[in-house]
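**Q** Structure in structure tokens, see below.
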Amino acid sequence: MVTLIGKYDVGFAGVFVISSTIGILLGFINALFVNRLSVPSIIITISTLNIFYGGLLYFTKGVWLYEYPEWFTQEIVFFKQITAEGVEFGLSFQALMAILAVILTGLITNKLTIGRKIYALGGNPDATSRIGFNLLFLHLFAYGYMGFMAGLAGIVQSYTVQSVAPDSLLGYELTVLAAVVLGGASLSGGRGTLLGTVMGVMLLAIIQNGLNLMNVSSYWQTIITGIIIILSISATALSQRKKQGA
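In this note's numbering, each residue's number is its place in the sequence shown (first place is 1) plus 105.
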């Protein structure tokens with residue numbers, strides 16, 4: 106994508122179309138594997154993550170990319186205001202994208218029928234199939250949407266650091282997993298809320314920021330992240346056992 110926008114003046118609209126399309130197509134690949142192989146989705150996605158990462162290294166040769174057109178390097182601020190002291194503030198491009206992502210996901214999961222079907226699919230695929238729901242369509246929609254969001258996240262990441270490093274987000278899957286589990290989602294599926302996920306992300310960011318301020322080694326931060334995942338999963342499992350016992 107960086108090569109394309111460097112050679113052709115596709116504009117921001119073109120960047121969004123290219124990046125989101127690639128993300129959706131890669132999401133469809135995950136969906137087909139999960140649907141046909143009937144294995145835990147986390148195994149499939151981690152496996153394809155390594156495949157996609159290897160392909161990225163092959164095409165980029167592991168080289169950082171910096172060649173952006175001028176329009177992609179300019180600061181974007183919405184609702185820009187200037188105080189009496191001359192201080193500028195407003196809504197950044199990154200913040201706007203995050204807000205729109207939360208709103209769109211909230212509409213899908215809470216207001217649309219397909220969102221409830223996806224919850225049912227995560228909770229009990231066999232029962233969902235017996236009801237008559239099309240599992241392949243649900244998988245394609247869910248993983249295609251996640252791929253779409255991943256494509257948008259790639260744009261935000263690239264715009265923020267003004268470069269593309271093939272390994273820049275390598276290892277972040279553990280951080281994402283910790284944030285989601287911390288927010289109350291179940292790794293077995295069927296449980297979790299958007300608000301819980303947002304709170305989990307914010308809480309984990311606060312923890313990591315605190316560790317950085319305390320000059321805690323990055324190695325220990327990884328260990329602490331793993332401990333958070335174990336504690337969150339344990340708390341969820343104990344809560345479910347208590348409910349079943351009751």
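Every residue gets a Cβ at the ideal spot worked out from N, C-alpha and C, and that includes glycine.
Could you give the uninterrupted runs of the beta strand (DSSP E) lying entirely in the region 211–252, keeping only those of 3 residues or more?
**A** None, since the region 211–252 contains no complete beta strand (DSSP E) of that length.
**Q** Tell me whether Leu245 is buried or exposed, calling it buried when 16 or more other Cβ atoms sit within 10 Å of its Cβ.
**A** Buried.
**Q** In whole angstroms, what separates the C-alpha of Lys216 from that of Tyr224?
**A** Lys216 and Tyr224: Cα-Cα distance of roughly 13 Å.
**Q** If contact is defined by three or more beta carbon pairs under 8 Å, each pair taking one atom from either stretch, is the region 314–321 in contact with the region 267–278?
**A** The region 267–278 is not in contact with the region 314–321.
**Q** Under the rule that 16 or more other beta-carbon atoms within 10 Å means buried, what is Gly132, buried or exposed?
**A** Classification of Gly132: buried, given that the 10 Å Cβ count is 16 or more.
**Q** In the DSSP assignment, what are the bridge partners of Gln186?
**A** Gln186 pairs with Phe194.
**Q** When the Cα of Ile123 is compared with those of Leu279, Thr178, Phe253 and Ala284, which residue comes out closest?
**A** If we check each option's Cα against that of Ile123, Phe253 comes out closest.
**Q** If you measure from the beta carbon of Thr341 to each beta carbon in chain B, is any gap under 8 Å?
**A** The structure shown contains no chain B; it is built from a single protein chain.
**Q** Please classify Ile187: is it buried, with 16 or more other beta-carbons within 10 angstroms of its beta-carbon, or exposed?
**A** Classification of Ile187: exposed, given that the 10 Å Cβ count is below 16.
**Q** Go to Val285, then tell me how far its alpha helix (DSSP H) extends in each direction, as first and last residue.
**A** Its alpha helix (DSSP H) spans residues Tyr277 to Leu287.
**Q** Quick one: is Thr218 buried, meaning 16 or more other Cβ sit within 10 Å of its Cβ, or exposed?
**A** Answer is exposed; the Cβ neighbour count stays below 16.
**Q** What did DSSP end up calling Leu292 once you bin it into helix, strand or coil?
**A** Reduced to three states, the DSSP call for Leu292 is coil.
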